[in-house]
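J.: Handing you this structure, nothing more for now.
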Amino acid sequence: MNDLLSRSFFQDYDLAFFFDAFKILDLLHDIALSVAKNECCIVNTFEQNIAPGIRHVCLTNSDSSEENASKFLGKLGHLRTLRLPNLRNGPTSESFIETCLKRFQHLRMLDLSGSTLEVLPRWIGNLKHLRFLDISNCPNIKKLPNSICKLQNLQTLFLDGCDQIEELPKDMRYMISLRFLLLATKQRDLHGHGLQHFKSLRFLAIYGCENLEYLFDGIQKLTSLHTLWIVDCKKLVSLPHGLKYVAALQSLVIGVCEKLDLSTAQGLKEKEDYNEDYLVDTGFSLQSLYIADLPKLKALPQWLLRGSANTLKNLTITGCENLTTLAEWHNLTSLEKLEIKCCPKLSTLPKTMKRLTIED
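Residue numbering for the sequence shown follows full-length UniProt numbering, beginning at 1 and increasing consecutively.
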């Protein structure tokens, strides 16, 4: 990616928290289409003729009957990618989805996002080669089959927007290859699912969990975690004490959590930490910290910045109406972007602010 960017193959490059957005040159676009035309296809109508060797299909027709859709899919061979996004008026019954899963047992990528799907078939546990599963924004799903935990090669799982899921599967600890996980649930806590055993997990987003009060113990065991989002969890009370020991963590986003008190980690006050020097050596070294809409935040706790003095590049604090003081910043030598807004009670900045060099 960096090599192609340096050679000007990409235009309007934008680095986001999770996805990178860019445009490619027209010539590269034409070459890509030419190379992919015999393997990739976007289907707008089920009357469309496609090459027999197609391996990657995206169905955008949401008005056809299941019968027409089934006939069309019956013509396809060994698919590796099947995308059925935003099929709100089309074929989304459990029986239709199960038929697809049984026919295309070698799928690497399955996208069922934004549909009216109510039940994910148990048969999904047989897709042994599946790497990517997106069932985000499916508000009618209330439960996931425990068979999903058999997907030991699954690397990406998107459940965000499925805010009616009553409980996550108990055996998620067996999904040992997960790297990217976005989840939503109606649970009060995330204990008992083995989330702390995801040794390969790099990105974790907990989003829109309206009943969530606590996360889970053992978060410090996520030794590969470099990005953590906790957003729109209005009843969340505190963060796990072990969070400050996630050594690989580089990007932390916390927002729209009305009851969250960052001065408390699972009931353990910062002043009760055993050894400050120990925390400096073992704690995370953030590069990006984003805090937004935390009405209970009165002071930015030391543990958020301790250990990140030489690494923090981006710091944003916004919409914290009761924030009055910031922790003393000790030589934030790598800070490139500082944004503080909509914090009406914050009247002074740290004394060490004078050590910052701000350049255009």
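Note that beta-carbon positions come from the ideal geometry of N, C-alpha and C, so glycine has one too.
Please read all numbers here as calculations on a predicted model, not as lab measurements.
Scan the stretch 135–159 and note each continuous beta strand (DSSP E) run of 3 residues or more that stays entirely inside, going in chain order.
T.: Segments of the beta strand (DSSP E) lying fully in the stretch 135–159: 156–158.
J.: Taking DSSP as the reference, what is the three-state secondary structure of Ser285?
T.: Translated into positions along the sequence shown, residue 285 becomes position 285. Here Ser285 sits in coil by DSSP.
J.: Give the DSSP-derived three-state secondary structure of Leu117 in the structure shown.
T.: Taking the sequence shown and counting its residues from 1, the one referred to as residue 117 is at position 117. Coil.
J.: Can you give the Cα-Cα distance for Arg173 and Ile165, rounded to whole angstroms?
T.: Working through the sequence shown from its first residue, we reach residue 173 at position 173. Working through the sequence shown from its first residue, we reach residue 165 at position 165. The straight-line gap from Cα to Cα measures roughly 18 Å.
J.: Any idea what DSSP makes of Leu349, helix, strand or coil?
T.: Residue 349 sits at position 349 when you count from the first residue of the sequence shown. Leu349: coil per DSSP, three-state reduction.
J.: Given Asn300, which residues of its chain have a CB within under 6 Å of its CB, disregarding the five upstream and five downstream residues?
T.: Working through the sequence shown from its first residue, we reach residue 300 at position 300. Rather than Asn, the amino acid found at residue 300 in this sequence is Leu. Excluding positions up to five away in sequence, the list reads Leu326, Ala327.
J.: On a Cα-Cα basis, can you pick out the residue from Pro121, Lys345, Cys233, Thr227 that is closest to Val246?
T.: For this step, residue 246 is matched to residue 246 along the sequence shown. Of the listed residues, the one whose Cα sits closest to Val246 is Thr227.
J.: Take Leu268 and list the residues in its own chain whose beta-carbon comes closer than 6 Å to its own, dropping the five residues that flank it on each side.
T.: Indexing the sequence shown from 1 puts residue 268 at position 268. At Leu268, the pLDDT of 43 sits below 50, so the modelled position is not reliable and the matter cannot be decided from this model.
J.: If we ignore side chains and look at the alpha-carbon of each, how far apart do Lys23 and Leu236 end up?
T.: Within the sequence shown, numbered from 1, the residue matching residue 23 stands at position 23. Within the sequence shown, numbered from 1, the residue matching residue 236 stands at position 236. So the two alpha carbons sit approximately 39 Å from each other.
J.: Across which residues does DSSP place Cys343 in a beta bridge pair?
T.: Numbered from its first residue, the sequence shown carries residue 343 at position 343. Cys343 pairs with nothing; no bridge assigned.
J.: Secondary structure at Tyr174, three-state DSSP: helix, strand or coil?
T.: To locate residue 174, count along the sequence shown from 1; it is residue 174. Reduced to three states, the DSSP call for Tyr174 is helix.
J.: Can you tell me whether Gln250 is buried or exposed, with buried defined as 16 or more other CB within 10 angstroms of its CB?
T.: Here residue 250 corresponds to residue number 250 of the sequence shown, with the count starting at 1. The residue in question, Gln250, is buried, as its Cβ has 16 or more Cβ neighbours within 10 Å.
J.: Taking C-alpha atoms, which residue in Leu323, Ser288, Ile42, Leu117 lies nearest to Glu336?
T.: Working through the sequence shown from its first residue, we reach residue 336 at position 336. Nearest C-alpha to Glu336: Ser288.
J.: To which residues does DSSP link Asn126 through a beta bridge?
T.: The residue you call residue 126 lines up with position 126 of the sequence shown. Per DSSP, none; premise fails for Asn126.
J.: Thinking C-beta only, is Phe104 closer than 8 Å to Leu82?
T.: Working through the sequence shown from its first residue, we reach residue 82 at position 82. Working through the sequence shown from its first residue, we reach residue 104 at position 104. Taking 8 Å as the Cβ cut-off, Leu82 and Phe104 qualify as a contacting pair.
J.: The beta strand (DSSP E) with Ile42 in it runs from where to where?
T.: Here residue 42 refers to the residue found at position 42 when the sequence shown is read from its first residue. Element bounds for Ile42: 40–43.
J.: Considering only the alpha carbon of each residue, which of Lys313, Asn310, Leu260 lies closest to Pro295?
T.: Reading the sequence shown from its first residue, position 295 is the one you call residue 295. It is Leu260.
J.: Measuring only the C-alpha atoms, how far is Asp217 from Ser238?
T.: Taking the sequence shown and counting its residues from 1, the one referred to as residue 217 is at position 217. Taking the sequence shown and counting its residues from 1, the one referred to as residue 238 is at position 238. Asp217 and Ser238: Cα-Cα distance of roughly 12 Å.
J.: State yes or no: is the C-beta of Glu167 within less than 8 Å of the C-beta of Ile141?
T.: Taking the first residue of the sequence shown as position 1, residue 167 is located at position 167. Taking the first residue of the sequence shown as position 1, residue 141 is located at position 141. For Glu167 and Ile141, no; Cβs fall outside 8 Å.
J.: Tell me, please, which residues DSSP counts as bridged to Val253.
T.: In the sequence shown, residue 253 corresponds to position 253, counting from 1. DSSP, once it has assigned bridges, lists Trp229, Tyr290 as partnering Val253.
J.: Verify whether the separation of the beta carbon atoms of Asn101 and Ile124 is less than 8 Å.
T.: What you label residue 101 is simply residue 101 of the sequence shown in a count that begins at 1. What you label residue 124 is simply residue 124 of the sequence shown in a count that begins at 1. Correcting the residue identity first, residue 101 is Leu in this sequence and not Asn. The answer is yes: Cβ separation under 8 Å.
J.: If we cut at 8 Å on Cβ distances, does Val256 have a partner in chain C?
T.: In the structure shown, chain C does not exist; there is a single protein chain.
J.: On the DSSP letters alone, give me the boundaries of the alpha helix (DSSP H) that Ala69 sits inside.
T.: To locate residue 69, count along the sequence shown from 1; it is residue 69. Counting along the chain, the alpha helix (DSSP H) containing Ala69 begins and ends at 66–73.
J.: Let me confirm a value: Lys150 is counted as buried when at least 16 other C-beta atoms fall within 10 Å, else exposed. Which label applies?
T.: Taking the first residue of the sequence shown as 1, we reach residue 150 at position 150. Burial call: buried.
J.: By a C-beta neighbour count over all protein chains shown, 10 Å radius and 16 as the cutoff for buried, is Lys244 buried or exposed?
T.: Locating residue 244 in the sequence shown gives position 244, counting from the first residue. Looking at its Cβ environment, which holds 16 or more other Cβ atoms inside 10 Å, Lys244 is buried.
J.: Nearest to Leu59 by CA position, among Glu258, Leu323, Leu112, is which residue?
T.: Numbered from 1 along the sequence shown, position 59 holds the residue referred to as residue 59. Out of Glu258, Leu323, Leu112, Leu112 has the C-alpha closest to the C-alpha of Leu59.
J.: Taking the alpha-carbon positions, what's the Phe198 to Leu133 distance?
T.: By one-based count along the sequence shown, residue 198 stands at place 198. By one-based count along the sequence shown, residue 133 stands at place 133. Taking the straight line joining both Cα atoms gives about 17 Å.
J.: Kindly list the residues whose CB is nearer than 6 Å to the CB of Leu195, restricted to its own chain and excluding five residues on each side of it in sequence; keep chain order.
T.: As a working note, residue 195 is residue 195 in the sequence shown. Taken in chain order, the residues that qualify are Phe216.
J.: Would DSSP call Glu213 helix, strand or coil?
T.: For the purposes of this step, residue 213 is taken as residue 213 along the sequence shown, with counting starting at 1. The answer is coil: DSSP assigns Glu213 none of H, G, I, E or B.
J.: Taking C-alpha atoms, which residue in Lys143, Leu130, Gly161, Leu212 lies nearest to Ser177?
T.: Numbered from 1 along the sequence shown, position 177 holds the residue referred to as residue 177. Nearest option by C-alpha distance: Leu130.
J.: At the level of alpha carbons, what is the spacing between Thr185 and Ile31?
T.: Here residue 185 is taken as the residue at index 185 of the sequence shown, counted from 1. Here residue 31 is taken as the residue at index 31 of the sequence shown, counted from 1. Taking the straight line from one Cα to the other gives about 43 Å.
J.: Can you give me the C-alpha to C-alpha distance between Gly74 and Ala51, rounded to a whole angstrom?
T.: In the sequence shown, counting from the first residue as 1, residue 74 sits at position 74. In the sequence shown, counting from the first residue as 1, residue 51 sits at position 51. Cα to Cα, Gly74 sits roughly 13 Å from Ala51.
J.: If we count the other Cβ atoms within 10 Å of its Cβ and call it buried at 16 or more, is Thr223 buried or exposed?
T.: Within the sequence shown, residue 223 is the residue found at index 223, counting from 1. Burial call: exposed.
J.: Whose C-beta lies closer than 6 Å to the C-beta of Cys41 among residues of the same chain, with five residues either side of it excluded?
T.: For the purposes of this step, residue 41 is taken as the residue at position 41 of the sequence shown. Ile50, Ile54, Val57.
J.: Based on Cα-Cα distance, which residue from Ser285, Glu213, Asn314 lies nearest to Trp303?
T.: Residue 303 sits at position 303 when you count from the first residue of the sequence shown. Taking only the C-alpha atoms, the option nearest Trp303 is Ser285.
J.: Report buried or exposed for Asn38, applying the criterion of at least 16 other Cβ atoms within 10 angstroms of its Cβ.
T.: Position 38 of the sequence shown holds residue 38. When all chains shown are included, Asn38 counts as exposed.
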